[in-house]
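Enquirer:
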Amino acid sequence: MTRTDAPVPLRIARQAARTPDAIAVSGPGQELTYRQLDRRARALARDLRSAGAGPEDTVVLGVRRGAHWAVGLLGIWYTGAALLPVDLDAPDERLRTLVAAARARHAVVPSRADATGLRTRCGTELFWAATDEAATGAGADGGPVADIAPGLLAYVLFTSGSTGTPKPVAVTHAALTHQATALAGRYALTADDRVLQFAAPAFDVSLEEAVPTWCTGGAAVFVEDNVLSPAELEPFLADHRVTLVNLPTPYWAQWARDVERRPRPLPRALRQVVIGSDAGRIADLVRWFAAGGPPVISSYGLTETTITATTYEPHPAALAGRPGDEVIPIGVPLPGARAYVLDGELREAAPDVAGELYIGGGCLARGYHGRPGPTAERFVADPFTTEHGARMYRTGDRVRRGADGTLAFLGRSDDQVKIRGHRVELKEVEAAVAAHPAVEEVVARALRDRDEPQLAAYVVAAPGTTVEPDDIRRFLGDRVPGYLVPSHVVVLAELPRTPGGKLDPRALPDPARTADRPLATASSR
Numbered sequence: 001m002t003r004t005d006a007p008v009p010l011r012i013a014r015q016a017a018r019t020p021d022a023i024a025v026s027g028p029g030q031e032l033t034y035r036q037l038d039r040r041a042r043a044l045a046r047d048l049r050s051a052g053a054g055p056e057d058t059v060v061l062g063v064r065r066g067a068h069w070a071v072g073l074l075g076i077w078y079t080g081a082a083l084l085p086v087d088l089d090a091p092d093e094r095l096r097t098l099v100a101a102a103r104a105r106h107a108v109v110p111s112r113a114d115a116t117g118l119r120t121r122c123g124t125e126l127f128w129a130a131t132d133e134a135a136t137g138a139g140a141d142g143g144p145v146a147d148i149a150p151g152l153l154a155y156v157l158f159t160s161g162s163t164g165t166p167k168p169v170a171v172t173h174a175a176l177t178h179q180a181t182a183l184a185g186r187y188a189l190t191a192d193d194r195v196l197q198f199a200a201p202a203f204d205v206s207l208e209e210a211v212p213t214w215c216t217g218g219a220a221v222f223v224e225d226n227v228l229s230p231a232e233l234e235p236f237l238a239d240h241r242v243t244l245v246n247l248p249t250p251y252w253a254q255w256a257r258d259v260e261r262r263p264r265p266l267p268r269a270l271r272q273v274v275i276g277s278d279a280g281r282i283a284d285l286v287r288w289f290a291a292g293g294p295p296v297i298s299s300y301g302l303t304e305t306t307i308t309a310t311t312y313e314p315h316p317a318a319l320a321g322r323p324g325d326e327v328i329p330i331g332v333p334l335p336g337a338r339a340y341v342l343d344g345e346l347r348e349a350a351p352d353v354a355g356e357l358y359i360g361g362g363c364l365a366r367g368y369h370g371r372p373g374p375t376a377e378r379f380v381a382d383p384f385t386t387e388h389g390a391r392m393y394r395t396g397d398r399v400r401r402g403a404d405g406t407l408a409f410l411g412r413s414d415d416q417v418k419i420r421g422h423r424v425e426l427k428e429v430e431a432a433v434a435a436h437p438a439v440e441e442v443v444a445r446a447l448r449d450r451d452e453p454q455l456a457a458y459v460v461a462a463p464g465t466t467v468e469p470d471d472i473r474r475f476l477g478d479r480v481p482g483y484l485v486p487s488h489v490v491v492l493a494e495l496p497r498t499p500g501g502k503l504d505p506r507a508l509p510d511p512a513r514t515a516d517r518p519l520a521t522a523s524s525r
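Following this note's numbering, the numbering of the sequence shown begins with 1 at its first residue and continues without gaps.
#1: If I measure Cβ to Cβ from A200 and keep anything under 7 Å in the same chain, skipping five residues before and after, which residues do I get?
#2: For G362 and A376, I'd like the C-alpha separation in whole angstroms.
#3: What does a CB cutoff of less than 8 Å around D325 pick up in its chain, not counting 5 residues either side in sequence?
#4: Roughly how many whole angstroms lie between the Cα atoms of S299 and D114?
#5: Output needed for K167: all residues of its chain with C-beta closer than 8 Å, excluding positions within five of it in sequence on either side, in chain order.
#6: Considering L73, what are the terminal residues of the alpha helix (DSSP H) in which it resides?
#7: Does DSSP classify H106 as helix, strand or coil?
#8: Tell me which residues share the same chain as P323 and place their Cβ nearer than 7 Å to its Cβ, disregarding the 5 neighbours each side in the sequence.
#9: Starting from the Cα of V145, find the closest Cα among G75, T120, D132 and give me that residue.
#10: Spatial neighbours of W255 within its chain, please: CB distance less than 7 Å, with the 5 preceding and 5 following residues excluded, ordered by chain position.
#11: Throw me the rounded Cβ distance for the A457 and V433 pair, which I believe falls under 8 Å.
#12: Around the Cβ of V59, are there at least 16 other Cβ atoms within 10 angstroms (buried) or fewer (exposed)?
#13: Ends of the beta strand (DSSP E) at G396?
#14: How many Å lie between R121 and E93 at the Cα?
#15: Leaving out the 5 sequence neighbours to the left and right, which residues in its chain are closer than 6 Å to A403 when beta-carbon positions are compared?
#16: Whose C-alpha, out of P453, L357, A70, G336, is nearest the C-alpha of L346?
#17: Taking the alpha helix (DSSP H) that R264 belongs to, which residues open and close that run?
#18: Roughly how many angstroms lie between the CA atoms of Q272 and A309, to the nearest whole one?
#19: Look up H178 in the DSSP assignment and say whether it is helix, strand or coil.
#20: Check the DSSP bridge columns for L157 and list the partner residues they point to.
#21: From the DSSP output, read off the bridge partner residues of W128.
#22: Using alpha carbons as the reference points, say which of A100, L73, T243, E234 lies closest to A219.
#23: Name the DSSP bridge partner or partners of P55?
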């Protein structure tokens with residue numbers, strides 16, 4: 001087994017043996033060498049094994065950014081188990097749903113007190129192990145890294161579901177290893193790199209930031225939990241000599257516009273910016289390069305494709321004369337990935353003809369954890385390769401391929417939308433709002449004519465009740481993540497319909513012209 005073929009946990013353990021005194025984790029008030037990270041992860045793995053965790057088990061990772069997250073992540077993988085990263089700020093009902101759907105029986109938390117709180121919130125008896133230094137820092141040998149087969153589960157991560165419930169995506173170690181190798185090469189990572197750890201721990205981009213970095217001997221530099229503005233981030237990058245950042249596209253666009261308004265030198269060590277999770281605009285690239293910004297790689301992918309599947313690296317000279325509102329292309333597939341543009345009959349579209357994007361190759365997830373029906377619907381047989389059992393993922397994104405092979409993003413073929421970098425199915429928003437006892441009907445829509453898309457919910461109150469928009473938001477705030485809470489709640493006497501009785505989305509009012517106010521319904525209809 002070569003170093004690049006080996007599963008990620010073994011590659012990181014080997015890196016710790018080669019460069020034990022190199023810095024693996026850095027950030028405000030925290031620093032771990034590879035030796036310290038490896039030893040603490042082995043100690044955590046020992047405790048998890050004693051509690052019965054092992055291959056194909058799912059372990060909740062309930063920690064925040066920093067050393068605890070690094071130790072927890074690696075400790076879970078050292079047992080051969082899979083991790084389920086959760087947002088500790090998520091509502092209790094959301095936590096219970098995720099833990100139950102992933103069938104998790106174990107949890108990794110910072111301390112005993114955190115374990116008690118998580119058990120109470122999840123409503124289940126989770127065996128737990130702690131990431132604090134008292135539990136993992138003694139330096140005793142925690143035992144060997146588990147023998148991890150490529151097909152074993154590496155992590156489970158939830159995305160918004162079209163049926164109204166979140167979908168658990170199951171990613172294998174084979175896919176994770178493929179991505180670590182492909183991205184380390186694409187981003188030209190070396191042991192000299194210091195990569196910003198910016199994404200939230202429950203967001204899969206956090207793995208893209210850390211895993212390829214540790215596989216090449218670099219340092220993951222963690223920001224604190226409070227997200228910095230671009231102006232506040234710059235001195236942090238300079239102080240910590242960060243060389244590469246991976247940022248949500250809207251955040252980077254805000255940075256580019258801010259630098260244009262207030263010209264200033266950017267951090268000298270910063271050699272590469274990766275953007276993704278949402279569509280960007282050519283105008284912001286022009287602003288960025290005019291301000292002397294370093295090279296940009298625009299990335300595209302989904303949780304089902306183990307984060308990044310395609311990349312595009314624009315050159316400043318190639319931007320001249322292009323419309324500023326043009327969407328940045330999504331580029332070409334990473335090595336080992338395949339991208340097809342297909343029509344409704346699964347035939348390849350001609351160059352410059354729109355079609356739906358399908359992704360195949362080594363980046364594909366196993367499917368949806370414990371859900372064979374949705375898996376079979378979205379992960380379909382790949383007829384374009386002789387590889388036995390090969391599949392491709394139906395993304396739902398409309399694209400076209402240029403004569404040079406570059407893919408251009410055209411939009412969605414369904415109701416899915418990106419909100420603050422998160423995939424959101426409108427059916428899940430509607431299901432959450434409909435659970436309110438005073439709501440009889442609801443339709444959710446994405447408002448795309450803003451700088452960033454916003455959610456709007458149009459509701460009809462049940463007979464004899466009154467719906468308060470603020471009450472709807474409070475109700476949702478206790479049950480779903482913030483990105484699923486609509487920015488606008490519009491109460492209507494009835495939903496607009498066509499003469500045939502179907503919903504007429506074009507007749508829904510603009511929330512900007514409709515005051516959020518309660519509206520009582522009649523006692524009957």
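Ideal Cβ placement from N, Cα and C applies to all residues, glycine included.
Expert: Let's see:
#1: D87, S206
#2: 18 Å
#3: In its chain, beyond the 5 residues on either side, R281, I282, A283 have a beta carbon closer than 8 Å to the beta carbon of D325.
#4: Cα to Cα, S299 sits roughly 36 Å from D114.
#5: F158, T159, S160, G161, Y368, R371, P374
#6: 67 to 78
#7: Look at H106 here: in three-state DSSP terms it is strand.
#8: In its chain, beyond the 5 residues on either side, I282 have a beta carbon closer than 7 Å to the beta carbon of P323.
#9: G75
#10: P230
#11: 5 Å
#12: buried
#13: 391 to 401
#14: 8 Å
#15: P351
#16: L357
#17: Element bounds for R264: n/a, residue is neither H nor E.
#18: 18 Å
#19: helix
#20: V169
#21: A107
#22: With distances taken between CA atoms, A219 lies nearest to T243 out of A100, L73, T243, E234.
#23: Note: P55 sits in no beta bridge, so no partner.
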